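Read in order, the letters of the sequence shown are residues 1 to 61 in our numbering.
All C-beta atoms, glycine included, are put in the ideal place defined by N, C-alpha and C.
Keep in mind the model is a prediction, meaning the values are calculated, not measured.
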Amino acid sequence: METKLTAVFQKSPYGYIGYVEELPGANTQGKTLEETKKNLIEAIMLVSEANKQLMEEGTIR
1 METKLTAVFQ KSPYGYIGYV EELPGANTQG KTLEETKKNL IEAIMLVSEA
51 NKQLMEEGTI R
């Protein structure tokens, strides 16, 4: 199954911020846009894994 997510990137005075609209907790920052994109991919993977574990434990439905 393929899932499409919306990644949002914004310039800030300190670099860039990035987040995924559909995945609360998947947010990051970086000095460059490329760094922020890389960090966001890692954040998505971490949040997805945490959500998977919570579902397996029956903590969330």
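Checking 9 Å against the spacing of the C-beta atoms, do T32 and I17 come in under that value? The answer is no: Cβ separation not under 9 Å.
Closest to L40 by C-alpha separation, out of G25, Y14, E2 and K11, would be which residue? Residue G25 is the option with its Cα nearest to L40.
Buried or exposed for Y14, please, with buried defined as at least 16 other CB atoms from any protein chain shown within 10 angstroms of its CB. Classification for Y14: exposed.
Shortest alpha-carbon distance to V12 belongs to which of G30, L5, L23 and T6? Reading off the sequence, residue 12 comes out as Ser, not Val. Selected option, being the one with the closest Cα: G30.
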